[in-house]
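**Q** Got a structure here, written out as structure tokens. Questions coming.
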Amino acid sequence: MANQFDEDEFMLEDYGSNPRPHQSRISASREPERRRLIDPEKYLEHLTQAWVNERAAPEILPYEQEAVQGLLDKIDQQLGVIDDLDEGNDSAIILLIIYQTELERVKYVLRGYLRARISKIERFGQYLLESNEMKSRLSPAEQTYVESYIRLTMKHFNSSFLNEFPPSLQQQDDVVFDRRISMVSKPNLSEAVFCRVVKPIGDWELDAEETVVLAPGQIYIFRYEHIRPLLLQGQVELI
């Protein structure tokens, strides 16, 4: 089925618009001021690790609104500087190359992060819409995308083959031995992941029978579900 979205335009424009108040770590009134005071390199470093986390985690993670918007602001600033440079000046040409190289570096990380999320949105779209917790992790643009994607997918399925089935077989679940089995794709939270401890944790209870000591700087391999709270709290990062 053809994707009817301009991916680059969606990622670099729509993603930065209309943030939800609860998704940002900064109040809406102070956010632009705070972003001007924070070194954009910090945002780039933060989003690069968020990209690694997103690729390694089986589920979609909370959207990094502040870092994404901070880098989008940086892109706008760099474009303004590039437009003001005199291309007839030799020194300006060197600066132009430097600014354009930096701009592409920032856009590369942004696109990589957003594409990693889009991949999960397309894979687990129906599940994300059915779970309030997962839905709250999406940006407004991502919510619009997943709703449109699911609508187009179901329209394609219906026109291709589902309309030929009896109504009882057109749903995305089935009943086997009196048990309802969902055919909606869900992330496998039991998947093994590598993680690095970045904050002091100490004893961590994996389950009722096993406790481990997690030391900062050390690398471990666990089932994702066992370290999921630590990742969401920023105490570990995936590698």
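Going by the numbering used here, the residue at position 104 of the sequence shown is 100; the numbering climbs one at a time, nothing skipped.
A virtual CB, placed ideally from N, CA and C, is assigned to each residue, including glycine.
Computed from a predicted model, the values in this text were never measured in an experiment.
#1: With DSSP run on the structure shown, which of helix, strand or coil describes residue 59?
#2: Checking 8 angstroms against the spacing of the C-beta atoms, do residue 192 and residue 233 come in under that value?
#3: So, for residue 194: in the same chain, excluding its five sequence neighbours on each side, which residues have a beta-carbon less than 7 angstroms away from its beta-carbon?
#4: Buried or exposed, going by whether 16 or more other CB atoms sit within 10 Å of the CB of residue 222?
#5: How far does the alpha helix (DSSP H) with residue 108 in it reach, from first residue to last?
#6: In terms of residue numbering, what span does the beta strand (DSSP E) encompassing residue 188 cover?
#7: Would you identify the three-state DSSP class for residue 173, choosing helix, strand or coil?
#8: Identify whether residue 215 lies in helix, strand or coil by the three-state DSSP scheme.
#9: Distance check for residue 57 and residue 130, CA to CA, integer angstroms please.
#10: At a cut of 8 angstroms, does the stretch 87 to 104 reach the stretch 112 to 128 through at least three beta carbon pairs?
#11: Since I believe residue 67 is in contact with residue 43 (beta carbons under 8 angstroms), could you give me their beta-carbon distance rounded to a whole number of angstroms?
#12: Cα-Cα, which of 77, 116, 69, 102 is closest to residue 50?
#13: Taking its Cβ as the centre, do 16 or more other Cβ atoms sit within 10 Å of residue 38, making it buried, or is it exposed?
#14: Return the residue from the list 196, 75, 204, 70 that minimises the CA-CA distance to residue 214.
#15: Here's a check: name, in chain order, each residue in its chain whose Cβ is nearer than 8 angstroms to the Cβ of residue 190, leaving out the five neighbours to either side.
#16: Just to confirm before moving on: does the CB-CB distance between residue 64 and residue 124 stay below 8 angstroms?
#17: Would you kindly work out how many angstroms separate the C-alpha atoms of residue 150 and residue 87, rounded to a whole number?
#18: Using a Cβ-Cβ cutoff of less than 8 angstroms, which residues in the same chain neighbour residue 59 once the five nearest sequence positions on both sides are dropped?
#19: Going by C-alpha distance, which of 75, 199, 127, 141 is nearest residue 181?
#20: Shortest alpha-carbon distance to residue 110 belongs to which of 45, 76, 227, 78?
**A** Once the coordinates are examined:
#1: coil
#2: yes
#3: 212, 231, 232, 233
#4: buried
#5: 86 to 119
#6: 188 to 193
#7: The pLDDT assigned to residue 173 is 46, lower than 50, so where the model puts this residue is not dependable, and the model offers no usable value.
#8: strand
#9: 8 angstroms
#10: no
#11: 6 angstroms
#12: 116
#13: exposed
#14: 196
#15: 52, 215, 216, 217, 234, 235
#16: no
#17: 56 angstroms
#18: 19, 113, 133, 134, 135, 138
#19: 127
#20: 45
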